[in-house]
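Enquirer: If you want the working numbering, it's the 1-based position in the sequence shown plus 2. The C-beta atom is built at its ideal place from N, Cα and C for all residues, glycine as well. Keep in mind it's a predicted model, so treat the numbers as computed, not measured.
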Amino acid sequence: MAVLVLTGCASGIGAHMTGVFARRGDAVVATDVDLAALERRAAEGAWGANVRRVKLDVREEADWEAALDLAEREGGGPDVVMNIAGVLKPGWVTDLTAADVDFHLDVNVKGTVLGTRAAAARMIRRGRGGHIVNIGSLASLAPVPGLSLYAASKFAVRGFSLAAAMELARHEIAVSLVMPDAVQTPMLDLQVDHDEAAMTFSGPRPLTVEDVERALVDEVLPKRPLEITLPLGRGVLARAANTAPAASRWLEPILMKKGRKAQERIKRGR
3 MAVLVLTGCA
13 SGIGAHMTGV
23 FARRGDAVVA
33 TDVDLAALER
43 RAAEGAWGAN
53 VRRVKLDVRE
63 EADWEAALDL
73 AEREGGGPDV
83 VMNIAGVLKP
93 GWVTDLTAAD
103 VDFHLDVNVK
113 GTVLGTRAAA
123 ARMIRRGRGG
133 HIVNIGSLAS
143 LAPVPGLSLY
153 AASKFAVRGF
163 SLAAAMELAR
173 HEIAVSLVMP
183 DAVQTPMLDL
193 QVDHDEAAMT
203 FSGPRPLTVE
213 DVERALVDEV
223 LPKRPLEITL
233 PLGRGVLARA
243 ANTAPAASRW
253 LEPILMKKGR
263 KAQERIKRGR
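Here you go:
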């Protein structure tokens, strides 16, 4: 039995993976900044008895220490910490506010840094290694017009994760970065009505939380890779854009047009 700490568990990927790990018999500390929403999710009954719940604002060091204290009481953990919580607000560069900057960088970057640091310290003291899984995005690799702050935050998550992985390897602590395309979660739903977010919808289809589950359970946890992209085809495209960012200017109108058509189809289907 592993002891896992997950963030962002009131909805989306975090909620789904809490159930996956609980059903396989792991001890899970499920966290979210919205404790009421977390409790409502737990009350639905899909998580079972192996899940402990605690409020965690990923921007607050004290909240991280409390969650990790709980993991240690539950089973001497944590063995695995997954930084899943994230935020996104579409917006053109000229429309961004200082609050928007703080929102993205504080949650997506500072939250991941604090969680990785706190988890690594516990794992080093325990002396049995461990695994830290950070959820990035294909936006960690490719520029995304209309989502510049989100892309900036996820670029930062990638840089931090790669550096942390090199530092922590000598302690037998793996750091894996998972970079999915758009996933069908509330974060995707909020983008449908925003023209700025058209690029998000330019892929063949959104990933499902089950797609992410398969990647985490079948690839990331057993093999502990440095980083993976989901799906492969879009990952290759994102890496190409990262290698030659100037080429993205030629692709942008094509992908934005495709994304806007997809947004319109979704709106008509409501």
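1) Just the Cα atoms here: how many angstroms apart are Pro182 and Leu151?
2) Please confirm if the segment 215-225 is in contact with the segment 246-261, defined as three or more CB-CB distances below 8 Å between the two stretches.
3) Using the three-state DSSP reduction, which class does Ser178 fall into: helix, strand or coil?
4) Round the Cβ separation of Arg241 and Leu170 to the nearest angstrom and send it over; I've been treating them as touching at under 8 Å.
5) Helix or strand or just coil, what does DSSP make of His133?
6) Cβ atoms of Leu209 and Ala184: under 8 Å apart, would you say?
7) Hey, is the segment 44-53 in contact with the segment 13-22, meaning 3+ C-beta pairs nearer than 8 Å?
8) Three-state secondary structure (DSSP) at Ala32?
9) Could you tell me how far apart the beta carbons of Ala166 and Thr118 are, in whole angstroms, since I believe they sit closer than 8 Å?
10) Along the chain, which unbroken stretches of the alpha helix (DSSP H) at least 4 residues long are found entirely within the segment 180-264?
11) Going by C-alpha to C-alpha distance, which of Ala29, Lys263, Leu107 and Pro80 sits closest to Gly129?
12) Give the straight-line distance between the Cα atoms of Ser1 and Leu179, rounded to the nearest whole angstrom.
13) According to DSSP, Val7 sits in a beta bridge with which residue or residues?
14) Roughly how many angstroms separate the alpha carbons of Ala4 and Pro224, rounded to a whole number?
15) Would Val30 and Phe23 qualify as a contact pair, given that the criterion is a beta-carbon distance under 8 Å?
16) In terms of residue numbering, what span does the beta strand (DSSP E) encompassing Lys91 cover?
17) In this structure, what does DSSP give as the bridge partners for Val53?
18) Here's the rule: buried if 16 or more other CB atoms are within 10 angstroms of the residue's CB, otherwise exposed. What is Lys156?
19) Just grab the DSSP bridge partners of Leu149 for me.
20) From this set, Thr187, Ala123, Ile256 and Ala44, which residue's C-alpha is nearest Glu63's C-alpha?
21) Going by the CB atoms, is the gap between Val83 and Leu72 shorter than 8 Å?
22) Pairs of beta-carbons, one from the segment 108-115 and one from the segment 199-214, closer than 8 Å: are there three or more?
23) Out of curiosity, what's the CA-to-CA distance linking Val177 and Leu234?
24) CB Ile126 to CB His173, shorter than 8 Å?
Expert: Well, looking at it:
1) The residue you call residue 182 lines up with position 180 of the sequence shown. The residue you call residue 151 lines up with position 149 of the sequence shown. Using only the alpha carbons, I get a separation of about 17 Å.
2) no
3) Taking the first residue of the sequence shown as position 1, residue 178 is located at position 176. Looking at Ser178 - three-state DSSP - the assignment turns out to be strand.
4) The residue labelled residue 241 in the question sits at position 239 within the sequence shown. The residue labelled residue 170 in the question sits at position 168 within the sequence shown. Contact flag wrong, Cβ pair sits at about 24 Å.
5) Here the question's residue 133 lines up with position 131 in the sequence shown. Strand at His133.
6) Your numbering for residue 184 matches position 182 in the sequence shown. Your numbering for residue 209 matches position 207 in the sequence shown. Cβ distance < 8 Å, so Ala184 and Leu209 count as in contact.
7) yes
8) Indexing the sequence shown from 1 puts residue 32 at position 30. Residue state, collapsed to three classes: strand.
9) Translated into the one-based positions of the sequence shown, residue 166 becomes position 164. Translated into the one-based positions of the sequence shown, residue 118 becomes position 116. Their Cβ separation, rounded to whole angstroms, is 6 Å, which keeps Ala166 and Thr118 in contact under 8 Å.
10) 188-191, 211-216 and 234-245
11) By one-based count along the sequence shown, residue 129 stands at place 127. Answer by Cα proximity: Pro80.
12) Because the chain spans 3 through 272 in this model, residue 1 falls outside it and cannot be assessed.
13) Position 5 of the sequence shown holds residue 7. According to DSSP, Val7 bridges with Val31 and Val83.
14) The residue given as residue 4 occupies position 2 in the sequence shown. The residue given as residue 224 occupies position 222 in the sequence shown. The straight-line gap from Cα to Cα measures roughly 12 Å.
15) Against the sequence shown, residue 30 aligns to sequence position 28. Against the sequence shown, residue 23 aligns to sequence position 21. Their beta carbons are under 8 Å apart, which means Val30 touches Phe23 by this criterion.
16) In the sequence shown, residue 91 corresponds to position 89, counting from 1. First-last for Lys91: undefined, no H or E at that position.
17) Against the sequence shown, residue 53 aligns to sequence position 51. DSSP lists Val30 as partners of Val53.
18) Here residue 156 refers to the residue found at position 154 of the sequence shown. Buried, by the Cβ-count rule.
19) In the sequence shown, residue 149 corresponds to position 147, counting from 1. Beta-bridge pairing links Leu149 to Gly93.
20) The sequence position of residue 63 within the sequence shown is 61, counting from 1. The option with the nearest alpha carbon to Glu63 is Ala123.
21) In the sequence shown, counting from the first residue as 1, residue 72 sits at position 70. In the sequence shown, counting from the first residue as 1, residue 83 sits at position 81. Cβ atoms of Leu72 and Val83: not closer than 8 Å.
22) no
23) Reading the sequence shown from its first residue, position 175 is the one you call residue 177. Reading the sequence shown from its first residue, position 232 is the one you call residue 234. Between Val177 and Leu234, the C-alpha separation is close to 20 Å.
24) Start at 1 with the first residue of the sequence shown, and residue 126 comes out as number 124. Start at 1 with the first residue of the sequence shown, and residue 173 comes out as number 171. Yes. Within cutoff.
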